[in-house]
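In my numbering, the protein residues as written are 15 to 274.
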């Protein structure tokens, strides 16, 4: 058995022993998954996905590494300051796990770029600190029937994630529109603890994996908040006027699987 396969199987076996139900590593090898935002949340999300057996990743980020990032973006060395986050995350993952099929897209997700950025991806973990990006990714998931995604966020000592599929409510059922960016705190302003993004990014990836395999999970269709006090799940019902509540969206044919 190849070294990568043995490492993946060992990680999955450990997760199952502690009660985390994860999908078969072999089933994930050919599934293309995108990570939007390769910072504090994106790094542990990518690590978790690769450990679970994911071999095909698309890394989307237009930002470069700064000194202030290093305490929470733990795969990046000091020598990487000023370099592309997406490229450096790809380099770090391949150095740690061996050959992977990784595509880097150095751009910011907007309404105009989301389709080319995520083209060919079956699932997405949105890990930026840009609220507008989460709505753009959510709308792409809903419009491109059959795709699954998790939106993750963290600030200060806490964070949250929300997993979207055609069988659940969507991000707009939770928040109708992005908040005013003038009043929204970001990590660069309010700060965020390194262990917090590590935990939230990993749990968000794990929630996505469970959804992809159709596993029962209390996080699906629920906002999960992480804090020093523990996890709090809040169920989110479909809004009657949301596109995700439309019968043609819920019951129509799935989107075709992306080509391998």
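A virtual CB, placed ideally from N, CA and C, is assigned to each residue, including glycine.
In this text the structure is predicted, and so the values were computed from the model without any measurement.
query	result
Spatial distance of residue 28 from residue 66 (CA atoms)	11 Å
Residue 92 in three-state terms, based on DSSP	helix
Residue 46, DSSP secondary structure in three states	strand
Alpha-carbon to alpha-carbon, residue 25 and residue 2	What the structure shows of the chain is the stretch from 15 to 274, and residue 2 is not part of that stretch, so it cannot be assessed.
Proximity of residue 217 and residue 175 at Cβ, strictly below 8 Å	yes
Under 8 Å between C-beta atoms of residue 55 and residue 166	yes
Beta-carbon spacing of residue 214, residue 151 below 8 Å	no
Closest Cα partner of residue 89 within the set 191, 208 and 228	208
Neighbourhood of residue 42 by C-beta distance below 7 Å, restricted to the same chain and skipping five residues each side	66, 67 and 68
Beta carbon of residue 132 nearer than 8 Å to that of residue 100	no
Cβ neighbours of residue 172 in the same chain (closer than 7 Å, five flanking residues each side left out)	210, 239, 240 and 241
Residue range of the beta strand (DSSP E) that includes residue 74	70-74
Three-way DSSP call (helix, strand, coil) for residue 67 in this model	coil
Reduced DSSP category for residue 135 - H, G, I as helix; E, B as strand; rest coil	coil
Cβ neighbours of residue 45 in the same chain (closer than 8 Å, five flanking residues each side left out)	68, 70, 136, 137 and 226
Backbone CA spacing between residue 86 and residue 127 [nearest angstrom]	27 Å
Simplified DSSP assignment, three categories, for residue 25	helix
Buried or exposed by the 16-neighbour rule on C-beta atoms within 10 Å, applied to residue 181	exposed
Secondary structure of residue 226, DSSP reduced to three states	helix
CB of residue 249 within 8 Å of CB of residue 228, strictly	no
Check whether residue 125 and residue 192 have beta carbons under 8 Å apart	no
Alpha-carbon to alpha-carbon, residue 158 and residue 60	23 Å
Residues of its chain near residue 184, where Cβ-Cβ distance is below 6 Å and the 5 sequence neighbours each way are ignored	152, 156, 178 and 258
Local Cβ density within 10 Å of residue 57, reported as buried at 16 or more and exposed below that	buried
Residue 151 - containing alpha helix (DSSP H), residue span	145-157
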